[in-house]
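> One structure follows; several queries about it will come next.
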Amino acid sequence: MLELRLVQGSLLKKVLEAVKDLVTDANFDCSATGFSLQAMDSSHVALVALLLRSEGFEHYRCDRNISMGMNLNNMSKMLKCAGNDDIITIKGDDGSDTVTFMFESPNQDKIADFEMKLMDIDSEHLGIPEAEYHAIVKMPSTEFARICKDLSTIGDTVVISVTKEGVKFSTRGDIGTANIVCRQNTSVDKPEEATVIEMKEPVSLTFALRYMNSFTKATPLSTTVVISLSPELPVVVEYKVAEMGYVRFYLAPKIEDDEVDEVVEQPSKKSKAQPKDEDD
Amino acid sequence: MLELRLVQGSLLKKVLEAVKDLVTDANFDCSATGFSLQAMDSSHVALVALLLRSEGFEHYRCDRNISMGMNLNNMSKMLKCAGNDDIITIKGDDGSDTVTFMFESPNQDKIADFEMKLMDIDSEHLGIPEAEYHAIVKMPSTEFARICKDLSTIGDTVVISVTKEGVKFSTRGDIGTANIVCRQNTSVDKPEEATVIEMKEPVSLTFALRYMNSFTKATPLSTTVVISLSPELPVVVEYKVAEMGYVRFYLAPKIEDDEVDEVVEQPSKKSKAQPKDEDD
Amino acid sequence: MLELRLVQGSLLKKVLEAVKDLVTDANFDCSATGFSLQAMDSSHVALVALLLRSEGFEHYRCDRNISMGMNLNNMSKMLKCAGNDDIITIKGDDGSDTVTFMFESPNQDKIADFEMKLMDIDSEHLGIPEAEYHAIVKMPSTEFARICKDLSTIGDTVVISVTKEGVKFSTRGDIGTANIVCRQNTSVDKPEEATVIEMKEPVSLTFALRYMNSFTKATPLSTTVVISLSPELPVVVEYKVAEMGYVRFYLAPKIEDDEVDEVVEQPSKKSKAQPKDEDD
Numbered sequence: 001m002l003e004l005r006l007v008q009g010s011l012l013k014k015v016l017e018a019v020k021d022l023v024t025d026a027n028f029d030c031s032a033t034g035f036s037l038q039a040m041d042s043s044h045v046a047l048v049a050l051l052l053r054s055e056g057f058e059h060y061r062c063d064r065n066i067s068m069g070m071n072l073n074n075m076s077k078m079l080k081c082a083g084n085d086d087i088i089t090i091k092g093d094d095g096s097d098t099v100t101f102m103f104e105s106p107n108q109d110k111i112a113d114f115e116m117k118l119m120d121i122d123s124e125h126l127g128i129p130e131a132e133y134h135a136i137v138k139m140p141s142t143e144f145a146r147i148c149k150d151l152s153t154i155g156d157t158v159v160i161s162v163t164k165e166g167v168k169f170s171t172r173g174d175i176g177t178a179n180i181v182c183r184q185n186t187s188v189d190k191p192e193e194a195t196v197i198e199m200k201e202p203v204s205l206t207f208a209l210r211y212m213n214s215f216t217k218a219t220p221l222s223t224t225v226v227i228s229l230s231p232e233l234p235v236v237v238e239y240k241v242a243e244m245g246y247v248r249f250y251l252a253p254k255i256e257d258d259e260v261d262e263v264v265e266q267p268s269k270k271s272k273a274q275p276k277d278e279d280d
Numbered sequence: 001m002l003e004l005r006l007v008q009g010s011l012l013k014k015v016l017e018a019v020k021d022l023v024t025d026a027n028f029d030c031s032a033t034g035f036s037l038q039a040m041d042s043s044h045v046a047l048v049a050l051l052l053r054s055e056g057f058e059h060y061r062c063d064r065n066i067s068m069g070m071n072l073n074n075m076s077k078m079l080k081c082a083g084n085d086d087i088i089t090i091k092g093d094d095g096s097d098t099v100t101f102m103f104e105s106p107n108q109d110k111i112a113d114f115e116m117k118l119m120d121i122d123s124e125h126l127g128i129p130e131a132e133y134h135a136i137v138k139m140p141s142t143e144f145a146r147i148c149k150d151l152s153t154i155g156d157t158v159v160i161s162v163t164k165e166g167v168k169f170s171t172r173g174d175i176g177t178a179n180i181v182c183r184q185n186t187s188v189d190k191p192e193e194a195t196v197i198e199m200k201e202p203v204s205l206t207f208a209l210r211y212m213n214s215f216t217k218a219t220p221l222s223t224t225v226v227i228s229l230s231p232e233l234p235v236v237v238e239y240k241v242a243e244m245g246y247v248r249f250y251l252a253p254k255i256e257d258d259e260v261d262e263v264v265e266q267p268s269k270k271s272k273a274q275p276k277d278e279d280d
Numbered sequence: 001m002l003e004l005r006l007v008q009g010s011l012l013k014k015v016l017e018a019v020k021d022l023v024t025d026a027n028f029d030c031s032a033t034g035f036s037l038q039a040m041d042s043s044h045v046a047l048v049a050l051l052l053r054s055e056g057f058e059h060y061r062c063d064r065n066i067s068m069g070m071n072l073n074n075m076s077k078m079l080k081c082a083g084n085d086d087i088i089t090i091k092g093d094d095g096s097d098t099v100t101f102m103f104e105s106p107n108q109d110k111i112a113d114f115e116m117k118l119m120d121i122d123s124e125h126l127g128i129p130e131a132e133y134h135a136i137v138k139m140p141s142t143e144f145a146r147i148c149k150d151l152s153t154i155g156d157t158v159v160i161s162v163t164k165e166g167v168k169f170s171t172r173g174d175i176g177t178a179n180i181v182c183r184q185n186t187s188v189d190k191p192e193e194a195t196v197i198e199m200k201e202p203v204s205l206t207f208a209l210r211y212m213n214s215f216t217k218a219t220p221l222s223t224t225v226v227i228s229l230s231p232e233l234p235v236v237v238e239y240k241v242a243e244m245g246y247v248r249f250y251l252a253p254k255i256e257d258d259e260v261d262e263v264v265e266q267p268s269k270k271s272k273a274q275p276k277d278e279d280d
């Protein structure tokens, strides 16, 4: 039997919104450690890892390890029916093909039970080795989200370059180029507004903005985001979930920088001669 | 001659928004009693009855009973041009084929006249007999609107069941089932937040959520909604319009409960075996 | 070399939003006087004139007159990446085919460089002669925007009539007619809420609402709008840009009033007989 009671139910709502654009169906794994999920996105490029530790729940009962296959879109539909102040309890029975989400309003006047059908999903759990990163950037999550959104109006990929002075986000597209530099800055009034860089070696890596923008759906979970970078390792974009866990996104860097440049350069040559052709 | 001056003009704007999705064209009836409307929705399933009593108007002149056929969408377009603090005056002349809406800003700096063409609409006035209801539920209108909206993400119909303890709203659909219970609760700080149940006999009736959601367009009119239920009678969903009248919606219960269950059960059987087929 | 530093960068963002719907590509002219633009809209009906005087910039360096052809949609994409509190610097080099927009956050933690490709645009600078106007109306810009928006739900053209008492905006369409009168009113608490009419002779002119609605995209620039009217002259709709300049829109009045009436009258005759035909 499974019964997980989360007083701050809005956390679970935000977690779902953070991952459901990337992952359609996934197994939630429940053990004595906590409630977790690991899944590749549908195009098998990015990986999502979620952990909500058992200590973070008001009540956590999980008699034996259980894996529950859920359609995240359907799960999100149900969780959206919970109020932001509601207590959410996840209930399951061994061998049952359903899971129940119970929502209790703070004054207990309104109690809802949503029962969702489970699915059988094949999945293999990937081991993610601990790694040493060349650079770790901690910055305000809204700032990172804003930068990814802004750059994606100009180009498709972002080059993230870290030096001691700061982190630079660059892109280029048909209409021009963009560079945004965030300086290291630890002397701020509120710690969550700091930009802190831990660097062993400078690093410069290229990523698809489409995925970065998906990752930033997790912004409401945390005021800060931690980005860990090393050459030839997937970047880790991590959002803490209160004191109880995290959502981590992994994405491999792009390596075909030269090809990208070639494609971009071509329209650049004629851009002075004529306005951008809509058919390009 | 007709001249109805309504200081709180925003009420008329809200009334139109409440009924225009359900009713396309309708006759507004004006008599010494008040300004009223009764109309079936376009699929002849739901009935809307509106009354704004003459006492609620600052000035009310109606020399003889008159019926004015209006396209509610056009009327809504015009009323949307009134500011929320504007005084609205409805003017008509006997035998004229137009009606005039006059909007005066509170400081009288801006005065607008909108003249709308009338239509000939055939309609028969249905007598709505007073009835005794098994159960009458009074609850916050925003709560009722939220429940109807939430349930319609899961299923197409809602079962409303009233007992002494509370009122239960249930639905089921391809992805699962949902039950929301609102407990009777009269010990609240603000009377408009109370859920009050007057019950002679328990009752359980099924309705199409599509119509319930249309009714909740009237939510801005009133902080509370009153739902009157009896077997074999249409449910009445009533919103008060300030102290001057009401908007009431009538909807017949669905009776083919068994058929609904059958249809829903089928996909349920295979749902464990494979993820939801989008073509279902 | 060109370097224009604007501390209140949001002004440039608002200017772009004000003109980009009307004008696709345009030359920005930079001289000792200031940063300016003059362009016809794509259908060659309306004219936009923008001036930001050099004194309004914190730093203004323009070694020689230069004209830079920009796609306003692309320029807007880049300026949207500037924060509302950012300082914006426009940089250019003689003979370069790019322009750079630099955005500095108030605390200098974030610095962005956006480099945009320039275009060759043929354009002739029209001399706009100073004119004496029969009537000049100064009114709150939000009021003017609201009126244009409201009237365009009813008809396609607006007749603007000015008398000593006030300014009247009228339209007519298939569903009826509308007249909105704003009275002269100088005794208001805040000067920006005044409606002030300077009139030599009464004037009544007809304009396409489509363009008027485009002009009102400049509303965020200024709390007031000044409308200058004379028969046989284009109307001037002017929004001040802080203390440093203006955006002016010019639009020729429509003269075929009679034709318009004819077209509108026809459906009016049958409107009593039947509801509005969607195919009309």
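Chains as they are written, first to last, in UniProt numbering: chain A, 1 to 280; chain B, 1 to 280; chain C, 1 to 280.
The C-beta atom is built at its ideal place from N, Cα and C for all residues, glycine as well.
Excluding the five sequence neighbours on either side, which residues of its own chain have a C-beta within less than 6 Å of the C-beta of B:F222, listed in chain order?
Here residue 222 of chain B is taken as the residue at index 222 of the second sequence, counted from 1. A small fix is needed here, since residue 222 of chain B is Ser in this sequence, not Phe. S141, Y239 and K240, listed in sequence order.
> Closer than 8 Å by beta-carbon distance: list the chain A residues that pair up with B:R183, in chain order.
Position 183 of the second sequence, counted from the start, is the residue given in the question as residue 183 of chain B. Q108, D109, K110 and I111, listed in chain order.
> Going by the DSSP bridge assignment, what does A:N107 pair with across the sheet?
Within the first sequence, numbered from 1, the residue matching residue 107 of chain A stands at position 107. A:N107 is not bridged to any residue.
> Would B:M119 and B:V99 be called neighbours here (beta carbons separated by less than 7 Å)?
Within the second sequence, residue 119 of chain B is the residue found at index 119, counting from 1. Within the second sequence, residue 99 of chain B is the residue found at index 99, counting from 1. Going by C-beta atoms, B:M119 is not nearer than 7 Å to B:V99.
> If you measure from the beta carbon of A:E17 to each beta carbon in chain B, is any gap under 7 Å?
As a first step, residue 17 of chain A must be located in the first sequence, where it is residue number 17. With 7 Å as the cut-off, A:E17 does not count as an interface residue toward chain B.
> Got a sec: which bits of the segment 190-221 of chain A sit with their beta carbon under 9 Å from any beta carbon on chain B, in order along the chain?
Under the 9 Å Cβ criterion, the segment 190-221 of chain A contributes no residue.
> Skipping 5 residues on each side, what residues in its chain have a beta carbon closer than 6 Å to that of A:D63?
Taking the first sequence and counting its residues from 1, the one referred to as residue 63 of chain A is at position 63. Excluding positions up to five away in sequence, the list reads M1.
> Nearest CA to the CA of A:M199: which residue from A:G155, A:T219 and A:K138?
In the first sequence, the residue the question calls residue 199 of chain A occupies position 199. Looking at the Cα atoms, A:K138 is the closest of the given residues.
> On a CA-only basis, which of C:T186, C:S10, C:L4 and C:A208 is nearest C:P220? Give me that one, please.
Counted from its first residue, the third sequence places residue 220 of chain C at position 220. Of the candidates C:T186, C:S10, C:L4 and C:A208, the one whose C-alpha sits nearest the C-alpha of C:P220 is C:S10.
> Just how far apart, CA to CA, sit C:P129 and C:A49?
In the third sequence, counting from the first residue as 1, residue 129 of chain C sits at position 129. In the third sequence, counting from the first residue as 1, residue 49 of chain C sits at position 49. So the two alpha carbons sit approximately 13 Å from each other.
> For C:K14, which beta-bridge partners are listed by DSSP?
To locate residue 14 of chain C, count along the third sequence from 1; it is residue 14. Beta-bridge pairing links C:K14 to no other residue.
> Might you give, ordered along the chain, the residues of its own chain that have their beta carbon closer than 8 Å to the beta carbon of A:L209, omitting 5 neighbours on each side?
The sequence position of residue 209 of chain A within the first sequence is 209, counting from 1. Contacts found: C148, L151, S152, G155, D156, T157, V158 and T171.
> Based on the DSSP output, what are the partners of C:E3 in its beta bridges?
On the third sequence, position 3 is the one that residue 3 of chain C refers to. The partner list for C:E3 (beta bridge, DSSP) reads C:R61 and C:K91.
> Could you work out which residues of chain A lie near B:A178, taking near to mean beta carbons separated by less than 9 Å?
Locating residue 178 of chain B in the second sequence gives position 178, where the first residue counts as 1. M78, C81, A112, D113, F114 and E115, listed in chain order.
> So A:M68 and A:G92 are supposed to be a Cβ contact under 8 Å. How far apart are they, rounded?
To locate residue 68 of chain A, count along the first sequence from 1; it is residue 68. To locate residue 92 of chain A, count along the first sequence from 1; it is residue 92. Correct: roughly 6 Å between the Cβ atoms.
> Does the Cβ-Cβ distance between A:S228 and A:I136 come in under 7 Å?
Start at 1 with the first residue of the first sequence, and residue 228 of chain A comes out as number 228. Start at 1 with the first residue of the first sequence, and residue 136 of chain A comes out as number 136. For A:S228 and A:I136, yes; Cβs fall inside 7 Å.
> When the Cα of C:D29 is compared with those of C:D21, C:L22 and C:Q38, which residue comes out closest?
For the purposes of this step, residue 29 of chain C is taken as the residue at position 29 of the third sequence. Among C:D21, C:L22 and C:Q38, the Cα nearest to that of C:D29 is on C:Q38.
> Measure from the alpha carbon of A:E3 to the alpha carbon of each residue in A:F101, A:L12 and A:H44, then state which is nearest.
Position 3 of the first sequence, counted from the first residue, corresponds to residue 3 of chain A. Answer by Cα proximity: A:F101.
> If the cut-off is 9 Å on Cβ atoms, which residues from the segment 150-168 of chain B count as contacting chain A, listed in chain order?
So the list reads D150, L151, T153, I154 and G166, given in the order they occur along the chain.
> When the Cα atoms are used, what is the spatial distance from B:K20 to B:F215?
As a working note, residue 20 of chain B is residue 20 in the second sequence. As a working note, residue 215 of chain B is residue 215 in the second sequence. Each residue's alpha carbon lies about 10 Å from the other.
> Is any beta-carbon of chain C found at less than 7 Å from that of A:E259?
Counting from one through the first sequence, the residue named residue 259 of chain A turns up at place 259. Reliability of the predicted coordinates at A:E259 is poor, the pLDDT of 44 falling under 50, and the value obtained from them is presented with this limitation in mind. No, its Cβ sits nowhere closer than 7 Å to a Cβ of chain C.
> Excluding the five sequence neighbours on either side, which residues of its own chain have a C-beta within less than 6 Å of the C-beta of B:S76, listed in chain order?
Looking up residue 76 of chain B in the second sequence gives position 76. Cβ within range, chain order: L16 and K20.
> Any chance the CB of B:S105 is under 6 Å from a heavy atom of the ligand FMN?
Ligands are entirely absent from the displayed structure, and the ligand FMN is therefore not among its contents.
> Just checking my contact of residue 299 of chain B with B:S204 at CB under 8 Å: how many whole Å lie between their CB atoms?
The structure shown does not extend to residue 299 of chain B, since chain B is modelled only from 1 through 280, so no value can be given for it.
> Would you report the Cα separation of A:F103 and B:V167, rounded to the nearest angstrom?
Position 103 of the first sequence, counted from the start, is the residue given in the question as residue 103 of chain A. Position 167 of the second sequence, counted from the start, is the residue given in the question as residue 167 of chain B. Using only the alpha carbons, I get a separation of about 16 Å.
> Return the residue from the list B:H134, B:C182, B:D113 and B:S43 that minimises the CA-CA distance to B:L251.
Taking the second sequence and counting its residues from 1, one reaches residue 251 of chain B at position 251. The option with the nearest alpha carbon to B:L251 is B:S43.
> Return the residue from the list C:M212, C:I175 and C:I180 that minimises the CA-CA distance to C:A18.
Your numbering for residue 18 of chain C matches position 18 in the third sequence. Here the closest residue by C-alpha is C:M212.
> What residue from B:V236, B:I255, B:E243 and B:A242 has the CA that sits closest to B:F249's CA?
Position 249 of the second sequence, counted from the first residue, corresponds to residue 249 of chain B. Here the closest residue by C-alpha is B:V236.
> Between C:F144 and the rest of its own chain, which residues show a CB-CB distance below 7 Å, the 5 nearest in sequence each way excluded?
As a first step, residue 144 of chain C is located in the third sequence; it is residue number 144 there, counting from the start. Cβ neighbours of C:F144 beyond the five flanking positions: T216 and V225.
> Relative to chain B, which residues along the segment 49-81 of chain A have a C-beta separation below 8 Å, given in chain order?
The residues in question are N71, N74, K77, M78, K80 and C81.
> Could you list which residues in chain B have their beta carbon closer than 8 Å to that of C:I227, in chain order?
The residue given as residue 227 of chain C occupies position 227 in the third sequence. Those do not exist, as C:I227 stays about 16 Å from chain B at its closest Cβ, beyond 8 Å.
> What does A:C182 pair with, by DSSP beta-bridge criteria?
As a first step, residue 182 of chain A must be located in the first sequence, where it is residue number 182. DSSP lists A:V167 and C:K110 as partners of A:C182.
> To the nearest angstrom, report how far apart C:H59 and C:M244 are at their CA atoms.
On the third sequence, position 59 is the one that residue 59 of chain C refers to. On the third sequence, position 244 is the one that residue 244 of chain C refers to. For C:H59 and C:M244, the distance between alpha carbons rounds to 13 Å.
> Based on DSSP bridge pairs, tell me the residues matched to C:R172.
On the third sequence, residue 172 of chain C is found 172 positions in, with the first residue counted as 1. Answer by DSSP bridge pairing, in chain order: C:T177.
> Rounded to whole angstroms, how far is the Cβ of A:V23 from the Cβ of A:L79, which I believe are closer than 8 Å?
Indexing the first sequence from 1 puts residue 23 of chain A at position 23. Indexing the first sequence from 1 puts residue 79 of chain A at position 79. With a Cβ gap of about 15 Å, A:V23 and A:L79 do not count as contacting.
> Taking C-alpha atoms, which residue in C:T33, C:M40 and C:E232 lies nearest to C:I121?
Residue 121 of chain C sits at position 121 when you count from the first residue of the third sequence. Among C:T33, C:M40 and C:E232, the Cα nearest to that of C:I121 is on C:M40.
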